[in-house]
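**Q** Got a structure here, written out as structure tokens. Questions coming.
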Amino acid sequence: QKEVEQDPGPLSVPEGAIVSLNCTYSNSAFQYFMWYRQYSRKGPELLMYTYSSGNKEDGRFTAQVDKSSKYISLFIRDSQPSDSATYLCAMSESGGSNYKLTFGKGTLLTVNP
Amino acid sequence: DAGITQSPRHKVTETGTPVTLRCHQTENHRYMYWYRQDPGHGLRLIHYSYGVKDTDKGEVSDGYSVSRSKTEDFLLTLESATSSQTSVYFCAIEGSGTDTQYFGPGTRLTVL
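Protein chains in written order, with the working numbering: chain A, 6 to 118; chain B, 373 to 484.
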């Protein structure tokens, strides 16, 4: 079993839709959870960062972590064509000297005008 | 921007030739990373550095070496490039006080 599983999509939605992106993981030691957005031919850009379980909201984006289910989600409200990108989840075990991240393979999202 | 530059941004080379990719940061961060990104595999860690002259292997380190003689520069070398090393290479630095990383713009390498 892969440490982090992410549906690669592609996912195509109309403008204004609510988008739900998800990752599951197997390593119960993961405590830090991130979502990156990657536009075509660009580097990944950190979008959301959460520690442990719970929700975090930033504008149209909400990140949820359910450690009991080993499941994380990213919700995008009122999706825009500019949200079209690949979304990567990432996670790590602990702070301090261990900065190694484990990534999902990414979900390709297209928002159609 | 996270203050990371990569050079070159694009390179085409032939099998068997040596290639060096450079990552430069202006943030004075201790940790730096090299990843490769391939369709179907996502981002995979090649090597990372936790200080000047301090480096360690990642999950796909075979065929690659790294060096870090200054805090701001982290070099990735392919001693003898192979077609399987055709990929997009990303450098990353640690996020300040968090368990995150910030990525550079990438180098697209083609080995013919």
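Ideal Cβ placement from N, Cα and C applies to all residues, glycine included. Owing to the predicted nature of the structure, the values given are computational and were not obtained by experimental measurement.
Which same chain residues, not among the five before or five after T392 (chain B), have their C-beta less than 6 Å away from its C-beta?
**A** Here residue 392 (chain B) refers to the residue found at position 20 of the second sequence. Correct list, in chain order: L447 and T449.
**Q** State whether the region 15-31 of chain A contacts the region 102-117 of chain A, with contact taken as three or more CB pairs (one from each stretch) at a distance under 8 Å.
**A** yes
**Q** To which residues of the same chain is R82 (chain A) closer than 7 Å at the C-beta, ignoring the five residues directly before and after it?
**A** Locating residue 82 (chain A) in the first sequence gives position 77, where the first residue counts as 1. The answer, listed in chain order, is I23 and R65.
**Q** Starting from F475 (chain B), find everything on chain A with Cβ-Cβ shorter than 7 Å and list it in chain order.
**A** Residue mapping note: residue 475 (chain B) aligns to position 103 of the second sequence, counting from 1. Simply G48 and P49.
**Q** For T107 (chain A) and N400 (chain B), I'd like the C-alpha separation in whole angstroms.
**A** What you label residue 107 (chain A) is simply residue 102 of the first sequence in a count that begins at 1. What you label residue 400 (chain B) is simply residue 28 of the second sequence in a count that begins at 1. Cα-Cα distance, rounded: 24 Å.
**Q** Would you kindly work out how many angstroms separate the C-alpha atoms of S74 (chain A) and A464 (chain B), rounded to a whole number?
**A** Locating residue 74 (chain A) in the first sequence gives position 69, counting from the first residue. Locating residue 464 (chain B) in the second sequence gives position 92, counting from the first residue. If you take the alpha carbons of S74 (chain A) and A464 (chain B), they lie about 30 Å apart.
**Q** Quick one: Cα of S456 (chain B) to Cα of S97 (chain A), how far?
**A** Your numbering for residue 456 (chain B) matches position 84 in the second sequence. Your numbering for residue 97 (chain A) matches position 92 in the first sequence. CA-CA distance, S456 (chain B) to S97 (chain A), rounds to 28 Å.
**Q** Using beta carbons (cut-off 9 Å, strictly below), is L417 (chain B) in contact with chain A?
**A** Indexing the second sequence from 1 puts residue 417 (chain B) at position 45. For L417 (chain B), a Cβ of chain A is located within less than 9 Å of the residue's own Cβ.
**Q** Can you find a CB in chain B that lies within less than 9 Å of the CB of F66 (chain A)?
**A** Walking along the first sequence from the start, residue 66 (chain A) turns up at place 61. No, its Cβ sits nowhere closer than 9 Å to a Cβ of chain B.
**Q** Mind checking V438 (chain B): buried by the 16 CB within 10 Å criterion, or exposed?
**A** Here residue 438 (chain B) refers to the residue found at position 66 of the second sequence. Classification for V438 (chain B): buried.
**Q** For S25 (chain A), which residues of its own chain have a beta-carbon under 7 Å away from its beta-carbon, when the five flanking residues on both sides are left out?
**A** Looking up residue 25 (chain A) in the first sequence gives position 20. Counting only Cβ-Cβ distances below 7 Å, and skipping sequence neighbours, we find S78 and F80.
**Q** Where do the ends of the beta strand (DSSP E) carrying N60 (chain A) lie?
**A** Residue numbering aside, residue 60 (chain A) sits at position 55 when the first sequence is read from its first letter. It spans G59 to D63 - the beta strand (DSSP E) in which N60 (chain A) sits, taken as one unbroken run.
**Q** The beta strand (DSSP E) spanning Q69 (chain A) covers which residue range?
**A** Your numbering for residue 69 (chain A) matches position 64 in the first sequence. First-last of the beta strand (DSSP E) with Q69 (chain A): F66 to D71.
**Q** When you compare the CB of G478 (chain B) with every CB in chain A, is at least one pair closer than 9 Å?
**A** For the purposes of this step, residue 478 (chain B) is taken as residue 106 along the second sequence, with counting starting at 1. It does; some Cβ of chain A falls within 9 Å.
**Q** On the DSSP letters alone, give me the boundaries of the beta strand (DSSP E) that I418 (chain B) sits inside.
**A** Here residue 418 (chain B) is taken as the residue at index 46 of the second sequence, counted from 1. Run containing I418 (chain B): G414 to G423, per the beta strand (DSSP E) assignment.
**Q** How would you label P49 (chain A), buried or exposed, when you count the other beta carbons within 10 angstroms and need 16 or more for buried?
**A** As a first step, residue 49 (chain A) must be located in the first sequence, where it is residue number 44. Answer is buried; the Cβ neighbour count reaches 16.
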